[in-house]
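Novice:
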DNA sequence: GGTTGCAATGCAACTAGTTGCATAGTACGG
DNA sequence: CCGTACTATGCAACTAGTTGCATTGCAACC
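Residue numbers (this note's numbering), protein chains in the order written: chain C, 18 to 199; chain U, 18 to 199.
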């Protein structure tokens, strides 16, 4: 039930509708935890009946009404309680690694193509994180206390994408050494 | 249905019982795709009725009988077909990153403890991969063709764990700079 | 002689997440 | 005026994975 906690964090940062949350989970926090709007509405509904969040229905002109959710006192407690107990170390799960192991039984060229796609994705993501870091945290040595978490998360993203990129480069060097990598 | 493909790869490398597979998914291939024995038996059953694997029941003395599974022709085709089509790039999903973002709303000391646990886990995993690489592939420049995939997977593991370790170190430097890191 | 552990298989109930569909009004481009 | 896109919410059916339990027999340890 980790989505619950991701929602708690997101709502702690700022109250929002399910729709807003869905957009945040497409960007920002969503770089580390994806969720569809269906799943968000479902969990949000459960959280409301649990009492960790509460909503206020806001009528809008020319738009559907919306339900703005915020944390309740019990939600804030739940969030604090979650941070204070250890999160089990998640093991990585990479379909891509499985596929690499399938090299002797499959189509090497297709796998190389796959690596190239993946390499570009890592590059794009890395560029995004790097720019975000430069834009929002131009002086990482003088961070406001409330920004430390976000900065560290960005740093994690950067390190992980760099590792992914380096992996792709090693693979390409091994499997397609003659071709121009770009 | 990625577990299916992981099982196909594992059985392509060597025929096995469900029990054997469960052990492999605790080590080896399991470093990149975990699965419980329950899940394995379930999927194996479905794969048998799909005709991608077939089993032979082997009686044993003083032990329960066992079902040794192997790939069928259709299983080999399915595996090759899977390698030849692109795997969607999986987005990472890190409860830990979410937790970091919860820093302003939670218990900083507990989070630091969590980072230490995580750091040790990355260190252990890195040591395991490094040793495996040294043991099984002492001469990475002269790999047999069938070993290339396994070698690249190990390299990926090493790069990812190094990135995880570096992340933990950055976090600790930021959040607990005075304390001895070891 | 009892407990623990290994080999070997599996069912049942549950939780989490995905995919597909539905609705409804507004705004904007062609 | 027609189609597309955005705001906003949600249900239903399905797939994947987790958790808990059950069985059988042997070997080894204390």
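Heads up, the beta-carbon is just placed ideally off N, CA and C, and yes, glycines get one too.
Mind checking if residue 149 of chain U is an interface residue toward chain C, Cβ cutoff 8 Å exclusive?
Specialist: Along the second chain, read from residue 1 onward, the residue named residue 149 of chain U stands at position 132. False, the Cβ-Cβ gap to chain C never drops below 8 Å.
Novice: What residues in its chain sit with their C-beta under 6 Å from that of residue 192 of chain C, if we drop five residues either side in the sequence?
Specialist: Walking along the first chain from the start, residue 192 of chain C turns up at place 175. Taken in chain order, the residues that qualify are 129.
Novice: When you compare the CB of residue 28 of chain C with every CB in chain U, is at least one pair closer than 8 Å?
Specialist: Within the first chain, numbered from 1, the residue matching residue 28 of chain C stands at position 11. So no, residue 28 of chain C is outside the interface.
Novice: DSSP puts residue 87 of chain U in a beta bridge; with which residues?
Specialist: Walking along the second chain from the start, residue 87 of chain U turns up at place 70. According to DSSP, which records beta bridges pairwise, residue 87 of chain U is partnered with U:71.
Novice: Which class does residue 156 of chain C belong to by DSSP, given the choice of helix, strand or coil?
Specialist: As a working mapping, residue 156 of chain C is identified with position 139 in the first chain. In the structure shown, residue 156 of chain C sits in coil (DSSP, three-state: anything other than H, G, I, E or B).
Novice: Interface residues of chain C around residue 41 of chain U at Cβ under 7 Å?
Specialist: The sequence position of residue 41 of chain U within the second chain is 24, counting from 1. The premise fails here: residue 41 of chain U is roughly 11 Å from chain C at the closest Cβ pair, so nothing lies under 7 Å.
Novice: Would you say residue 133 of chain C faces chain U, with C-beta separation under 8 Å as the test?
Specialist: Start at 1 with the first residue of the first chain, and residue 133 of chain C comes out as number 116. So, not an interface residue.
Novice: Please report whether the beta-carbon of residue 143 of chain C lies at a distance below 8 Å from any beta-carbon of chain U.
Specialist: Here residue 143 of chain C refers to the residue found at position 126 of the first chain. So no, residue 143 of chain C is outside the interface.
Novice: Leaving out five residues on either side along the sequence, give the residues of the same chain with a beta carbon under 6 Å from the beta carbon of residue 101 of chain U.
Specialist: Taking the second chain and counting its residues from 1, one reaches residue 101 of chain U at position 84. Correct list: empty, nothing qualifies.
Novice: Can you tell me whether residue 162 of chain C is helix, strand or coil according to DSSP?
Specialist: One-based indexing of the first chain puts residue 162 of chain C at position 145. Looking at residue 162 of chain C - three-state DSSP - the assignment turns out to be helix.
Novice: Whole angstroms are fine: how far does the CA of residue 45 of chain U sit from the CA of residue 115 of chain C?
Specialist: As a first step, residue 115 of chain C must be located in the first chain, where it is residue number 98. As a first step, residue 45 of chain U must be located in the second chain, where it is residue number 28. Distance between the alpha carbons of residue 115 of chain C and residue 45 of chain U is about 11 Å.
Novice: May I have the straight-line CA-CA distance separating residue 182 of chain C from residue 142 of chain C, to the nearest angstrom?
Specialist: Indexing the first chain from 1 puts residue 182 of chain C at position 165. Indexing the first chain from 1 puts residue 142 of chain C at position 125. Their backbone Cα atoms lie some 10 Å apart in a straight line.
Novice: From the beta carbon of residue 177 of chain U, is the nearest beta carbon of chain C less than 8 Å away?
Specialist: In the second chain, residue 177 of chain U corresponds to position 160, counting from 1. Taking Cβ atoms only, chain C reaches closer than 8 Å to residue 177 of chain U, which makes this a yes.
Novice: Relative to the C-alpha of residue 58 of chain C, which candidate in C:133, C:103 and C:70 has its C-alpha closest?
Specialist: Counting from 1 along the first chain, the entry for residue 58 of chain C is found at position 41. Checking every option, the nearest Cα to that of residue 58 of chain C belongs to C:70.
Novice: Quick one: does the C-beta of residue 191 of chain U sit closer than 7 Å to a heavy atom of the ligand ZN?
Specialist: Inclusion of the ligand ZN in the displayed structure is not the case, the ligand content being empty and no account of it being possible.
Novice: Please identify the residue among C:185, C:55 and C:52 whose C-alpha is closest to the C-alpha of residue 133 of chain C.
Specialist: As a working mapping, residue 133 of chain C is identified with position 116 in the first chain. Nearest C-alpha to residue 133 of chain C: C:185.
Novice: Check whether the segment 104-122 of chain C and the segment 25-43 of chain U are in contact - that is, three or more C-beta pairs closer than 8 Å.
Specialist: Contact holds: three or more Cβ-Cβ distances are below 8 Å.
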